[in-house]
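Heads up: the structure comes next, in structure tokens.
What follows is the structure, encoded as structure tokens:
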């Protein structure tokens with residue numbers, strides 16, 4: 003599991019008094035950065051990119067300003083050139099949102115999907131979602 | 003069908019040179035405003051709100067800066083107190099993303115779901131997704 | 003004067019119930035796009051860019067969600083390779099914010115400031131701030 | 003001096019490959035949170051708010067994705083009901099932007115400016131900009 007701490011910004015709130023729902027995808031993207039670093043340790047966008055092809059998010063409760071948030075990211079599925087990440091927003095011991103992101107390992111030069119390298123695959127398999135964790 | 007014109011902002015782009023994937027949920031939220039106005043013509047957040055409980059987005063192609071976008075929003079399902087909207091991003095005659103949003107008619111005072119009023123239901127049914135359109 | 007109409011987004015609001023102050027620079031950037039088009043009609047970032055070197059913003063009143071906004075942009079000063087734009091946010095006949103942006107005509111290939119072309123200078127001079135307007 | 007660590011988000015970049023200039027005001031707002039906590043330790047927006055009346059930002063260099071940023075915030079001026087904060091963005095030992103924010107201690111109930119309490123004033127005076135620091 004990858005764990006990312008997020009400090010909600012006041013500009014993330016909306017007039018209903020809570021974190022706006024469009025901010026959760028931004029946090030999930032930020033929390034996928036350690037996964038991207040497995041593909042490209044220096045985050046060099048010319049050599050490697052993870053293209054998002056699908057996201058799903060369930061909003062379970064309001065997320066508040068004024069209290070830090072933990073994003074938990076696990077690998078839900080590992081394909082040949084694609085992978086699926088399960089992500090959760092935790093605040094004050096409650097899960098306030100959860101999502102699934104389907105990503106494709108994308109070669110920016112060739113502009114097409116490319117197989118996940120074996121070394122990355124092995125690193126990712128250590129972050130697989132398990133029955134105990136889920 | 004509700005149609006909303008969006009002018010992509012340069013700040014919506016990212017270092018890959020296209021509109022960042024987290025911007026699509028922001029555009030979809032903006033394009034749901036005419037639906038919200040059916041519930042609350044003055045957009046008064048104290049009297050009515052549509053709580054988002056789930057979103058799904060499929061990213062089909064890159065969305066570019068420099069060309070206007072049309073968001074098409076249709077009613078996919080009408081429940082008792084909830085509804086589902088199907089939304090599409092169109093740019094230069096191509097659909098670049100499509101999504102589903104599940105919303106609940108929420109009473110901000112009582113803080114709970116409440117049935118969709120009959121008059122709103124009738125107005126919404128005029129925007130239902132049809133076989134011809136879909 | 004360049005005039006740009008902006009439709010405030012619900013995600014632009016914050017928990018104080020109004021448009022968050024960090025959104026005004028985003029709107030001002032969007033409203034500078036017609037100026038950028040004078041330098042690069044196709045908005046091709048490889049051939050021309052206006053680098054922002056300084057902004058100032060005075061917040062005069064709250065800007066609200068639910069009512070369109072007009073951004074008025076005038077040329078306040080025209081230098082050799084730089085220019086200064088005066089920008090105003092108008093909503094319901096009130097000016098809610100005003101700002102100054104100092105921009106430099108930047109050659110992305112050479113990575114340095116470059117003189118404003120004479121044809122652009124003439125086009126810009128038609129949008130100068132005048133005593134009557136100011 | 004208040005020090006705030008910011009982790010740039012990929013969604014903070016733009017098509018020029020760097021952090022978009024509109025993100026700096028967002029970071030500066032986030033970095034003013036410890037100042038706001040002096041006025042309202044629980045960040046309760048009903049009891050206290052710091053209204054922004056003016057910002058100025060000088061952009062000195064490009065800020066990059068992939069490297070953490072430190073925001074340094076000092077008190078530049080302490081008035082009766084207002085204060086001015088000097089803020090700097092530091093990345094890899096370089097200052098990439100600096101700004102000034104003028105804030106007013108605002109009573110949300112009475113909806114008007116109100117004097118800075120003596121205890122807050124004393125706490126703030128420990129964060130004054132000094133010749134040695136600047």
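Chains as they are written, first to last, in the working numbering: chain A, 3 to 136; chain B, 3 to 136; chain C, 3 to 136; chain D, 3 to 136.
A virtual CB, placed ideally from N, CA and C, is assigned to each residue, including glycine.
Just so it is clear, the structure is predicted and the values come from calculations on it, not from any experiment.
| request: Give the secondary structure of residue 22/D by DSSP, where H, G and I count as helix, E and B as strand, and everything else as coil. | output: coil
| query | residue 124/C by DSSP, collapsed to three states: which one? | reply | helix
| request: Could you give the DSSP three-state label for residue 67/B: helix, strand or coil? | output: coil
| For the candidate residues 95/B, 101/B, 96/B and 84/B, whose alpha-carbon lies nearest to that of residue 114/B? | 84/B
| query | Mapping DSSP to helix, strand and coil, what is residue 79/D? | reply | strand
| field | Neighbour flag for residue 119/B against chain C, beta carbons, 8 Å | value | no
| said: I believe residue 9/A touches residue 95/A by the beta-carbon criterion, under 8 Å. Please report the beta-carbon distance rounded to the nearest angstrom. | reply: In fact, because the Cβ distance is near 18 Å, the residues do not count as touching under 8 Å.
| Coil, strand or helix - residue 13/A by DSSP | helix
| task | Could you tell me whether the Cβ of residue 13/A comes closer than 8 Å to any Cβ of chain C? | result | yes
| message | Using 8 Å for Cβ pairs, my map puts residue 58/A next to residue 102/A. What's the rounded Cβ distance? | response | 5 Å
| said: Could you compute how far the alpha carbon of residue 79/D sits from the alpha carbon of residue 131/D? | reply: 8 Å
| Within this structure, are the beta carbons of residue 91/D and residue 97/D separated by less than 8 Å? | yes
| Residues that residue 60/C contacts on chain D, provided the C-beta gap is smaller than 8 Å | 55 and 56
| Listed by chain order, chain B residues near residue 31/A by CB distance under 9 Å | 22, 23 and 24
| field | Euclidean distance between Cα positions of residue 7/B and residue 29/B | value | 10 Å
| request: Below 8 Å on the Cβ atoms is my guess for residue 77/A versus residue 129/A; work out the distance and round it to an integer in Å. | output: 5 Å
| For the alpha helix (DSSP H) that residue 39/D lies in, which residues bound it at each end? | 35-41
| DSSP state of residue 85/B mapped onto helix, strand, coil | strand
| request: Work out the CA separation of residue 109/B and residue 152/A for me, nearest whole Å. | output: In the structure as shown, chain A begins at 3 and stops at 136. Residue 152/A is therefore absent and cannot be evaluated.
| request: Report the option in 61/A, 104/A and 15/A whose CA atom is closest to the CA atom of residue 20/C. | output: 15/A
| Length of the line joining the Cα atoms of residue 93/B and residue 64/B | 10 Å
| Helix or strand or just coil, what does DSSP make of residue 31/B? | helix
| field | Endpoints, beta strand (DSSP E) assigned at residue 47/D | value | Looking at the DSSP string, residue 47/D is not in any beta strand (DSSP E), and its letter there is neither H nor E.
| message | Considering Cα atoms alone, identify which of 111/B, 3/B, 11/B and 27/B is closest to residue 100/B. | response | 27/B
| residue 3/D, enclosing beta strand (DSSP E) - first and last residue | Run containing residue 3/D: none; DSSP gives neither H nor E here.
| chain B partners of residue 28/A, CB-CB under 8 Å? | 24
| said: Can you look up residue 98/C in the DSSP assignment and give me helix, strand or coil? | reply: strand
| said: Looking at the ligand ZN, does it come within less than 7 Å of residue 128/A, judged from the CB to the closest heavy atom? | reply: Ligands displayed in this structure: none; no statement on the ligand ZN is therefore possible.
| message | With H, G and I counted as helix, E and B as strand and the rest as coil, what does DSSP make of residue 114/D? | response | strand
| request: Just mark residue 127/C as buried or exposed, buried being the case when its beta carbon has 16 or more other beta carbons within 10 Å. | output: exposed
| said: Judging by CA-CA distance, which residue of 66/D, 53/D and 60/D is the nearest neighbour of residue 62/C? | reply: 53/D
| request: Check whether the Cβ atoms of residue 12/B and residue 122/B lie closer than 8 Å to each other. | output: no
| message | Using a Cβ-Cβ distance cut-off of 8 Å, determine whether residue 94/B contacts chain D. | response | no
| So which of 67/A, 66/A and 35/A has the shortest CA-CA distance to residue 74/A? | 35/A
| query | Is the CB of residue 67/D under 8 Å away from at least one CB in chain A? | reply | yes
| task | Name the one or two DSSP bridge partners that residue 93/A has. | result | 96/A
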